[in-house]
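Remarks on the structure that follows.
Here you go:
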């Protein structure tokens, strides 16, 4: 266990000390800063029940889960192994008392832990930016499912779903980082086409995005959020069936992506782009 | 048992050949891996450390396959070429982390790191960030991580790079000391005299092929198609000064009449190089010829059994 713990601790430290952490923090703070700005500019803009409800969920569902989490995972995921390979420090890790696949898995788990905490901190800051100065629970008119709305429960749901999203996206982008020639381009293309466009199209094809199982997990705990998706009722009933669990498809994505990456790390030489034949 | 065994091993990168059908057994002690840049030295080192996979053939270290084999890898210490570092780490953290990753507990790793850092003369600088290190310091801290987990075989890729002359001397002493303690060392360099100062056991590589292996002098002796060069240096007072080269000339005239001497070169006013296919006969006869010509001799020695000359012969370069 010693070598694994050493690598785990080292990866956490490296993740927190990386220069790109600043970009990540700005990305994660952006939704709450936007909320604060809106409230400063127009005091009553999001003061009432329905507006508060919409603002809170739009920030979490769209800016945090659909934009910030995938981007953060893309930034760290594509370079999870390739950065070590390019800087040639990978050679130190794979010549130790660890299997090559284990090196990847430990780095993946450690990075996912750090990013999950950071992204959860982003969700908490959205909560405080939305509800500071507001008396809870909030009565929400026009939505009988909510009634006396207490967003604390929903914060807990987000705090659970966001780490799941981090695990999924990080596994996916780490795989792309290792297998694609232009990993950042491929990842960005995937994110725009699938997670931004396809996942919001009013068709059944939206189930092929990674956001779909995450939405299923959220809908189980807070069914009212489907109102945000503005889908026809029949499509809504077909795509987001209450008996469906998002956990299984998400686990499949994580296991398949991480498994492929671990396999590739254990069988491929992984040389830097500028390789010497000396 | 050989420490490293290569069996018909080839390695190519696309269309570029790194190693070509190499069969080789590297025994214990210090072995020098020499060859010009691009010869295939780092490829052989990468294969030994399980960084590269053979395209054909096999490699075994301590009798076992090395690719993704932590049991074997934890018995090796690798000092890679170049500057692979996490620059924000201090030297000490770098060594402690890699010692822990090699299976030592935190306490053992700290103790081992202190010892390795001291051995490499980095104690004073160990708590500074690596990004501020000079090239020589980087080389030493890389060596410290190589030694910290007490490996049985050190694989050192160009370890003298960046070190100043004093540093090179200290490193060579350290390697000899480690070898005396029973640690096997495989060291590569394209600077031949660096390797020669460490060991006479060499593996010469050129264009991906092993061109010679073994003791440098034996390799030279076995090259029957090449004339041997014997250097004769005269002492002062025998007509060997900048102005007076009569001693060298007298001896040259005498040697020209000897059947076993194939060629003569007057290198300077006091030095003559004798070329021969039968060096033993010349060595036997030289004392008598010197006495006949009444010249005082300071040195009679082989001029071309050094690594550089042998390598030059084997790779068809001028020695």
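Protein chains in written order, with the working numbering: chain A, 964 to 1241; chain B, 104 to 422.
All C-beta atoms in this analysis are idealised placements derived from N, C-alpha and C, irrespective of residue type, glycine included.
Asked                                                                                                                                                       : Found
With residue 1185(A) and residue 1117(A) assumed to form a contact (beta carbons below 8 Å), what rounded beta-carbon distance in angstroms separates them? : 5 Å
Based on the DSSP secondary-structure assignment, which residues constitute the bridge partners of residue 331(B)?                                          : 379(B)
How big is the Cα-Cα spacing for residue 352(B) and residue 369(B)?                                                                                         : 8 Å
So is residue 421(B) buried or exposed if we call it buried at 16+ other beta carbons inside 10 Å?                                                          : Confidence is the limiting factor: at residue 421(B) the pLDDT is only 43, short of 50, which leaves the residue's position unreliable and the question unanswerable from this model.
Which runs of the beta strand (DSSP E) fall wholly inside the stretch 1193-1238 of chain A and span at least 3 residues, in chain order?                    : none
Identify the continuous alpha helix (DSSP H) that holds residue 272(B) and give its terminal residues.                                                      : 268-283
Confirm the yes/no value for this check: CB of residue 226(B), any heavy atom of the ligand GDP, distance under 8 Å.                                        : The ligand GDP is not part of the structure shown, which contains no ligands of any sort.
Pick helix, strand or coil for residue 1058(A), following the three-state DSSP scheme.                                                                      : coil
Determine the DSSP secondary structure at residue 316(B), reduced to helix, strand or coil.                                                                 : strand
Per DSSP, which one or two residues make a beta bridge with residue 387(B)?                                                                                 : DSSP lists no partner for residue 387(B).
Got a sec: is the Cβ-Cβ distance from residue 189(B) to anything in chain A below 9 Å?                                                                      : yes
When you check each C-beta in the stretch 1200-1232 of chain A against every C-beta of chain B, which residues fall closer than 7 Å?                        : 1229, 1232
Take residue 1150(A) as the anchor and find which of 1077(A), 1134(A), 1006(A), 1064(A) has the nearest alpha-carbon.                                       : 1134(A)
Relative to the alpha-carbon of residue 293(B), which residue among 110(B), 134(B), 141(B), 106(B) has its alpha-carbon at the smallest distance?           : 141(B)
Within the chosen definition, does the stretch 1086-1098 of chain A reach the stretch 1062-1071 of chain A through at least 3 CB pairs nearer than 8 Å?     : no
Going by Cα to Cα distance, which pick from 251(B), 225(B), 283(B), 169(B) is closest to residue 133(B)?                                                    : 283(B)
What did DSSP end up calling residue 115(B) once you bin it into helix, strand or coil?                                                                     : strand
With a threshold of 16 other CB atoms inside 10 Å of the CB of residue 973(A), please say whether the residue is buried or exposed.                         : buried
Can residue 1155(A) and residue 1024(A) be called in contact, C-beta distance under 9 Å?                                                                    : no
If we call anything under 9 Å between Cβ atoms a contact, is residue 1038(A) one with residue 986(A)?                                                       : yes
Short check: CB of residue 1126(A) to CB of residue 1165(A), under 9 Å?                                                                                     : no
What residues from the stretch 976-994 of chain A come within 8 Å of chain B, judged by C-beta to C-beta, listed N to C?                                    : 977, 980
How close, in whole Å, do the beta carbons of residue 1131(A) and residue 1040(A) come, if the pair is a contact with beta carbons under 8 Å?               : Going by Cβ atoms, the distance from residue 1131(A) to residue 1040(A) rounds to 10 Å, so no, they are not a contact pair.
Can you tell me whether residue 285(B) is buried or exposed, with buried defined as 16 or more other CB within 10 angstroms of its CB?                      : exposed
Determine, using beta carbons only, whether residue 1033(A) comes closer than 9 Å to chain B.                                                               : no
Quick one: grab the DSSP three-state call for residue 349(B).                                                                                               : helix
What residues of chain A sit near residue 416(B), judged by a beta carbon separation below 7 Å?                                                             : Those within 7 Å of residue 416(B) in chain A number zero; the least Cβ separation is about 22 Å.
Compare the C-alpha of residue 126(B) against each of 155(B), 314(B), 231(B) and name the closest.                                                          : 314(B)
Residue 181(B) lies in the alpha helix (DSSP H); which residues open and close that run?                                                                    : Taken as a continuous stretch (DSSP letters only), residue 181(B) belongs to no alpha helix (DSSP H), being part of the beta strand (DSSP E) at 179-182.
Can you tell me where the alpha helix (DSSP H) holding residue 218(B) begins and where it ends?                                                             : 209-222
So for residue 1240(A), helix, strand or coil by DSSP?                                                                                                      : Summary for residue 1240(A): the model assigns pLDDT 46, below 50, so the residue's position carries little reliability; its value from the coordinates is reported in the next sentence. It is coil, neither helix nor strand.
Please report how far the alpha carbon of residue 1181(A) lies from the alpha carbon of residue 1171(A), in whole angstroms.                                : 17 Å
For chain A, is any of its Cβ atoms less than 9 Å away from the one on residue 206(B)?                                                                      : yes
State buried or exposed for residue 321(B), treating a residue as buried only when at least 16 other CB atoms are found within 10 Å of its CB.              : exposed
Just to confirm, is the Cβ distance from residue 171(B) to residue 1229(A) under 9 Å?                                                                       : yes
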